[in-house]
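Residue numbers (my numbering), protein chains in the order written: chain A, 1 to 448; chain B, 1001 to 1682. By construction, the Cβ of each residue, glycine as well, lies at the ideal position given by its N, Cα and C atoms. Contents: one structure, followed by commentary.
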């Protein structure tokens, strides 16, 4: 499988973009080579992203997406979902349906666009929204073209480019990144052989893939990172909601997060009273940590409120104490504050959790995180605390983050750190089942 | 929907507004009984994570001549899994009607270690307003300091600017409710049609005349003196939770509920006005409506298309089928369930795309072009909930299909799915009532499944003496399952399809190859044949091999979990399944202690199960049949049905114990005789 792909990408050329000459309609279905289409029910004709960086907080992403749909199974390509939030704005969303010859049938109407809240199922509140555009037609084949522009006003992440998002063939897929003069663009690609073409002025980077053949359905279910060329780009200096930072190094990225949490540790008197009554002077550090962790487990629960930079900045310790809830960063910050009160140093650790998580790209400092836990260095065994769980044991690392690289945030900046791997013994489930068999038919009673 | 508007000269009048309510409210905000805080579990329902202690709502006409709705809810949270009851989401509409929410108050009550009650109030800063769309804002908040055992309490008021929108009330949730009460108070010359339904008994359900005083705009209209009002009160006490249950239309249909509609009013200044008409009036308005009747149109284009489709066909029945097939295969359905069209038939023909209503109107127009008698039928799909027939209101419906008549036959056609044959009633309509939209009539029809629904499979299974199996099977799917498979083919290969239908992973069986025939002939049942093998499906212990003979479609679990069910089991359609398993044992092996034949039935419901075992030489045949002969089974028979399934589950899980034949002639003979005797006894 992999061998075949490498072979494909060797043919990816990085010549100057050849302008498609206006010989008839550009998106006439005839312009798809039969060998390229194979049996695919859709062909991506053009997927071009142009990302222009203006300064440390503003940028613009312009996307052209053109797909030819050959049968009903590919109609979902007609739906375009564009999430946005306080820091991004979607303007100039246009679309049209073209017939097989590439002649326009109709434009995207305002009626075809819906604008809804993007409330996920774990947040109490979230200010992100989603625009959904839909175009359908039933005379196959037909082609759909979408163009849109996303304006960034404050950023932490830049778009990631995939040469392909599915098994379907791709005629042209392209990423252009325009940076200000003398800007050193940091990028990462999953394929060693793929390098960008850089303009003479050094301000325009281009990655391009052409004529990607359809993949057989054996590749279905494979990780997209394995079947596509993936390019990530990341800012150096950035500013979001008046918090500026730099992410050229992990150290600097950590300093930025440290700044966000600064001044959030003050505990209300009620909390101080609670912990004084809890901790006895004879307790050693480990006993204190365990008691305080149990205290937060019994007094708080996970509630996520994502408002503006609230995706990143935790609510302060007083808020968590008064409300009895918070999200991962707020609960972690609260835990650290409680420990601080008892003279124990602890650090927030940024990590990516989830079953589909990829390994952290260590040599590419950038936002690769979606979760925060707490690390407590102790003389004997250091402890990891998952503050969103009311049932984990102190030191227990959840399965979806174990054995992963993460970023520990210290006053001196970020430090990469690896979470422990659980041992088979820890994962052993013991069931003691006593069964009493009775003689009449199948009745079974037992104690599990 | 008509909007009530009354323009009147403003008169300033000073008076009290005081409703002389006959009963005290069932709940006082400040009085939290200690026993409620001390309660740790709810013995009647051990699964409860929370208990609704009291939910009290009341609606009345305000001084601004609007509807004012007050609600107070108190919930006991028993454990951490009940924390979700501490989060509230209240949708508020901005238009039609315009609503305004205010005086939101919330609090959490905990007992501290000394047994003293600690109150933590909800702060206004923690109430979030999420704009879901242009029309709706969701007010969302979660109460602070939730701990297992705490009580949460929330109250708020909503003003609704349109008298047509008196709120409805639902008395049950997925947790038990100790008290739920709704009161509606309106002047006697404003007639609200109040309807209730449910399977739990009402603790109170009464109407009494009371006197109210109004100020402001309302006093201008009704007068400043005391006004006679009707106070309607509905109470349930100690009702069980309604959790997800199998075989329902939508679970909300089974909860006790009260619906309210303004029927008419009669004021001195405005005269008598009727809002609820009768169904005939609703039908004639629909037929005159531009987005309904106006979209049924025999245009030149429609006529031309229709004549092309039916060219050479002679009978109406053939024409109906041909037009249905053409529409369902040529026009894409964009998936919105609604009863009105935006696009006219020519647009739909041109763009080849439409919503459900647009497709149906095109279908009717095409049928009419060929002189076929055809009308729309409006309905509320199973998941949209049952129609309140007492309210002749069109907003209860969410779906429209076509009715066509040929000779003496009536067809109900929904051409929104290219894989559905014309004579298969869509599953979402089964058991549902539809209203035929035809001038000067108000006729209801109930949709039923037209055809029997059989699912049959034949398995030939060879067992090896090392316990491995191999074989083949051929499965014929019932018509609803066939449609479901065709709808979700997604270009799957035959083998993948067999694997997903067979759920190979959990059974440790691998599909070696598979063939699907008649994939596209949608009128026939979907058939799949596959060849399978497994080294460890059967379990080998020493000389013995244990085999689950029902390798496919085995009923492993009783779908009915609740101890009681006060509402019917709604299967949607009668169904029958049959598995024939032919097993070839290894030479010199035999079944030890063979299971008995089984017959279970609930006679008055045509519910039937049978398992037969026959043996000859080293061949064993097992036939397992199950039939649910009717679509609805009443709650009186729930216990029997639950017991029936538990017997079926244990029958289906009976393993065959297979071992080497005894060598001594006598023994072998004896075993055989015993077995025969057992069989004949049945």
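Next item on the list: Below 8 Å on the Cβ atoms is my guess for residue 135 of chain A versus residue 78 of chain A; work out the distance and round it to an integer in Å.
Entry: At roughly 4 Å, the Cβ-Cβ gap stays under 8 Å, so residue 135 of chain A and residue 78 of chain A are in contact.
Item checked: Listed by chain order, chain B residues near residue 116 of chain A by CB distance under 8 Å -> Per Cβ cutoff of 8 Å: 1132 and 1133.
Next item on the list: Return the first residue and the last residue of the beta strand (DSSP E) that residue 1321 of chain B is part of.
Entry: That residue, residue 1321 of chain B, is in no beta strand (DSSP E); its alpha helix (DSSP H) goes 1316-1330.
Notebook entry, point to check: At what residues does the alpha helix (DSSP H) containing residue 299 of chain A begin and finish?
Noted result: Counting along the chain, the alpha helix (DSSP H) containing residue 299 of chain A begins and ends at 285-299.
Next item on the list: Quick one: list the residues of chain A neighbouring residue 1128 of chain B, beta-carbon separation under 8 Å, in chain order.
Entry: What residue 1128 of chain B touches in chain A, judged by beta-carbon distance under 8 Å, is 124, 125 and 305, going in chain order.
Margin query: Nearest by alpha-carbon distance to residue 186 of chain A: which of A:334, A:157 and A:208 is it?
Written below: Of the listed residues, the one whose Cα sits closest to residue 186 of chain A is A:157.
Item checked: Short CB-CB distance (under 8 Å) between residue 1066 of chain B and chain A -> For residue 1066 of chain B, the answer is no, since every Cβ of chain A falls outside 8 Å of its Cβ.
Check: Can you list the residues of chain B that residue 297 of chain A reaches, using a CB-CB cut of under 9 Å?
Finding: Within 9 Å Cβ-Cβ: nothing; residue 297 of chain A doesn't reach chain B, min ~10 Å.
Notebook entry, point to check: Given residue 253 of chain A, which residues of its chain have a CB within under 6 Å of its CB, disregarding the five upstream and five downstream residues?
Noted result: Leaving aside the five residues that flank residue 253 of chain A on each side, the residues in its chain whose CB is nearer than 6 Å to its CB run, in chain order, 247, 365 and 414.
Next item on the list: State the DSSP-derived secondary structure class of residue 1032 of chain B, mapped to helix, strand or coil.
Entry: It is coil, neither helix nor strand.
Item checked: Test: residue 323 of chain A CB closer than 8 Å to a CB of chain B -> Residue 323 of chain A has a beta carbon lying within less than 8 Å of a beta carbon in chain B.
Notebook entry, point to check: Would DSSP call residue 1419 of chain B helix, strand or coil?
Noted result: For residue 1419 of chain B, the three-state secondary structure derived from DSSP is coil.
Check: Where does residue 1640 of chain B sit, in a helix, a strand or coil, going by DSSP?
Finding: Under the three-state reduction of DSSP, residue 1640 of chain B is assigned to helix.
Checklist line | residue 1305 of chain B - DSSP class collapsed to helix/strand/coil | finding: For residue 1305 of chain B, the three-state secondary structure derived from DSSP is helix.
Notebook entry, point to check: Would you call the region 1325-1335 of chain B and the region 1250-1262 of chain B in contact, with 3 or more CB pairs under 8 Å?
Noted result: At 8 Å Cβ cutoff, the stretches do not touch.
Notebook entry, point to check: CA-CA distance, residue 1471 of chain B and residue 1594 of chain B?
Noted result: Straight-line Cα distance between these residues: approximately 22 Å.
Check: Is the region 264-273 of chain A touching the region 89-102 of chain A in the sense that three or more CB pairs, one from each, lie closer than 8 Å?
Finding: When C-beta atoms of the region 89-102 of chain A are compared with those of the region 264-273 of chain A, fewer than three pairs fall below 8 Å, so the two segments do not count as touching.
Notebook entry, point to check: What first and last residue would you give for the beta strand (DSSP E) that runs through residue 1454 of chain B?
Noted result: Counting along the chain, the unbroken beta strand (DSSP E) around residue 1454 of chain B starts and ends at 1454-1463.
Checklist line | Where residue 1588 of chain B sits in the DSSP three-state scheme | finding: Three-state DSSP puts residue 1588 of chain B in coil, outside helix and strand.
Check: Using the C-alpha atoms, what's the distance from residue 1660 of chain B back to residue 1544 of chain B?
Finding: Answer to the nearest angstrom: the Cα atoms are 8 Å apart.
Checklist line | Status (buried if at least 16 other CB within 10 Å, exposed otherwise) for residue 1343 of chain B | finding: Result: buried.
Checklist line | Classification of residue 1368 of chain B by the beta-carbon crowding that lies within 10 angstroms, buried from 16 upward | finding: Buried.
Margin query: If the cut-off is 8 Å on Cβ atoms, which residues from the region 1163-1178 of chain B count as contacting chain A, listed in chain order?
Written below: Against chain A - using a Cβ distance shorter than 8 Å - the region 1163-1178 of chain B contributes no residues.
Item checked: Neighbour list for residue 137 of chain A in chain B, Cβ cutoff strictly below 9 Å -> Within chain B, the residues near residue 137 of chain A are 1332, 1351, 1352 and 1353.
Note to self: Using 8 Å as the cut-off, can you tell me whether the region 101-110 of chain A makes contact with the region 1108-1120 of chain B, which would need three or more C-beta pairs spanning the two stretches below that distance?
What the structure shows: Taking a cut-off of 8 Å on C-beta distances, the region 101-110 of chain A does not touch the region 1108-1120 of chain B, as fewer than three cross pairs fall below it.
Next item on the list: Using a Cβ-Cβ cut-off of less than 8 Å, list which residues of the region 272-303 of chain A approach chain C; keep chain order.
Entry: Any reference to chain C falls outside this structure, whose protein chains are A and B.
Next item on the list: Decide if the region 288-302 of chain A is in contact with the region 378-397 of chain A; the criterion is three or more beta carbon pairs, one per stretch, under 8 Å apart.
Entry: With the cut-off at 8 Å, the region 288-302 of chain A and the region 378-397 of chain A touch.
Next item on the list: Give the DSSP-derived three-state secondary structure of residue 1200 of chain B in the structure shown.
Entry: In the structure shown, residue 1200 of chain B falls within a coil segment according to DSSP collapsed to helix, strand and coil.
Item checked: Through-space distance from residue 1631 of chain B to residue 1059 of chain B, alpha-carbon basis -> Roughly 39 Å separates the two Cα atoms.
Item checked: Selected residue, minimal CA-CA separation from residue 398 of chain A, among A:52, A:409 and A:386 -> Nearest option by C-alpha distance: A:386.
Check: Is it buried or exposed for residue 310 of chain A, if we count other Cβ within 10 angstroms and need 16 for buried?
Finding: When all chains shown are included, residue 310 of chain A counts as buried.
Margin query: Residues in the same chain with beta-carbon distance under 6 Å from residue 205 of chain A, minus the five sequence neighbours each way, listed in chain order, please.
Written below: Correct list, in chain order: 177, 185, 196 and 198.
Next item on the list: Could you confirm whether any beta carbon from chain B is found closer than 8 Å to the beta carbon of residue 433 of chain A?
Entry: It does not; no Cβ of chain B falls within 8 Å.
Note to self: To the nearest angstrom, how far is the alpha carbon of residue 350 of chain A from that of residue 258 of chain A?
What the structure shows: Between the alpha carbons of residue 350 of chain A and residue 258 of chain A lies a gap of roughly 11 Å.
Note to self: For a contact defined as C-beta to C-beta under 8 Å, what are the partners of residue 1491 of chain B on chain A?
What the structure shows: Neighbours of residue 1491 of chain B on chain A, chain order: 41, 73 and 217.
Notebook entry, point to check: Just to confirm, are residue 1320 of chain B and residue 1359 of chain B a CB contact at a threshold of 8 Å?
Noted result: No, the pair does not count as a contact, with Cβ atoms beyond the cut-off.
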